[in-house]
Structure formats: C-alpha cells, structure tokens
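To keep things clear, I will list the structure first and then write my remarks on it.
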Amino acid sequence: MMSNQNKIPQATAKRLPLYYRFLNNLHIKGKSRVSSKELSEAMKVDSATIRRDFSYFGALGKKGYGYNVEYLLGFFRKTLDQDENTPVALIGVGNLGTAFLNYNFTKNNNTKIEVAFDADKRKVGKSIGDIEVHHIEDMEQNLGDISVAILTVPVSEAQNITDRLIKAGVTGILNFTPARITVPESVRVHHIDLAVELQSLVYFMKHYPLENEE
C-alpha cells in the first residue's frame, strides 16, 4: 500500500475496489477516458465525492477531458496491491462456503481461496472448485503463510476458530457468521451479516427511492 494510506478517509478507501472494478470494465471495452459525471451516474456516487476521492492520490482529471482510464486503473491497481497475490483460507464448507469455492473470486485473480477446512469427514479429502478440503483439526499445519480467512462456521464455533486463526498468524477475517467475534487490536474483522444487509436494502428501497437521491 502507499505510504500515505493512513491519510485516506475510510469511506474513500471502501470505494476504491468499486472504482477499480468499474474502470477495469471500461478498459476491457476499450474506453480510454471517463468523466466524473459518467462515473457518478454509473456508481451512484456524486461527482464532488469522486473528485475528492481521486484528489487524495493526485489523480486530478482535466476539464473537458476527464480521467485517463488506463492511468487510473494502473494507479488503483498499485494502491490496492492488485499486483500482489493474496491467498485466502476458507473455514467452513457448508452451502455458503461451497458457493465461495465454486466461484473463488474468478473476476479477481489476485485474491483467491487456496485452502479450505471443515469438520465433516464426508467433505475432507475432496476437492471443490479445485480446492482440497482439509479437516478443521489439521488447520494450523495446513495454513502456511496465509493471513486472510473467510469464516462461514456455526456460531458456536466462531470464537474458538477465530482464536486458533489468530494464533496461527491470521490478521484479517471476513466474518459471515452472526457471531460478533472478539479479536486483538492488531486483527481486522469485517462482519457481513446477509440478513442484516437484506433488511437494510429493503429499508432503503422503501424510504430512500433512488430517484430522490442527489
């Protein structure tokens, strides 16, 4: 990451992967430049916010020209460490975990699940989406240098597995369980509760129709 990354507001940092994905699609289509207005309409983010976000990187566009897609794409690729491979461990190969293995972030070759774990002996030793499933009891010896894990285990097992992951050197966890796991300050956890996200979506659909958004 860039040395000035800590100066970037978290709200901006969260939008960077979205910018990168959209710009990559434009690049694939052969588009060489894009205006903040085009970005705004496509991403539902106001133009002023986009210009402010990009200004943190010195990536200011030219009036009447817009932004150079290839330049921005290269810039965000470096900023997001897209040139570095990030191996990920999947803990829990239930319905959601199996879906992750079959999908395995095929649109982003730099982030990929490399190893999976489950307690079900019927799944252990089998490969799903070309990834072999190991027994959860053998997790530590098969993690290697992986520092990122996706957690899709039963709530009752979430904290115990989290403690084991941290002792094994994992410093980033994407938590898909409803459990609010406790971690040291040196470990980052992103909680994704699908039920809550869906409820939030429906609420915003009812109370904040898109045509009223600025």
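Per the working numbering: the sequence shown = residues 17 to 230.
By construction, the Cβ of each residue, glycine as well, lies at the ideal position given by its N, Cα and C atoms.
Shown here for A58: same chain residues with a beta carbon closer than 7 Å to its own, the five before and five after excluded, namely F38 in chain order.
Within the model, the alpha-carbon separation for A105 versus Y87 is close to 32 Å. Counting of Cβ neighbours within 10 angstroms places N176 among the exposed residues, the total staying below 16. Scanning its chain for C-beta atoms nearer than 8 Å, with the 5 sequence neighbours on each side dropped, one finds around I182 the residues V199, P200, V203, in chain order.
For R204, there is no enclosing alpha helix (DSSP H); the enclosing beta strand (DSSP E) has its first and last residue at 204-207. Taking 8 Å as the cut-off, the beta carbon of T193 is found closer than this to the beta carbon of V171.
Across the set R49, G90, T114, N126, the C-alpha of R49 shows the shortest separation from the C-alpha of G82. Here the stretch 158-168 lies against the stretch 112-131, with 3 or more beta-carbon pairs under 8 Å apart. When the five nearest sequence neighbours on each side are left out, the beta carbons in the same chain lying within less than 6 Å of the beta carbon of F133 are those of I107, H150, I152, M155, in order along the chain. S216 and L32 have their alpha carbons spaced roughly 22 Å apart.
As a beta-bridge residue in DSSP terms, V149 pairs with A132.
Apart from the 5 residues on each side of it in sequence, Y119 sits with its Cβ closer than 8 Å to the Cβ of G145 in its chain, given in chain order. Here the alpha carbons of D179 and T102 stand approximately 21 Å from one another. For I197, the secondary structure class from DSSP, reduced to helix, strand or coil, is coil. Among the bridge pairs identified by DSSP, A165 is matched with A105, I189. Looking from the CA of T187, the closest CA among V205, A195, T28 belongs to V205.
In the three-state reduction of the DSSP assignment, R49 falls in the strand class. Taking every protein chain shown into account, the CB of F92 has 16 or more other CB atoms within 10 angstroms, so this residue is buried.
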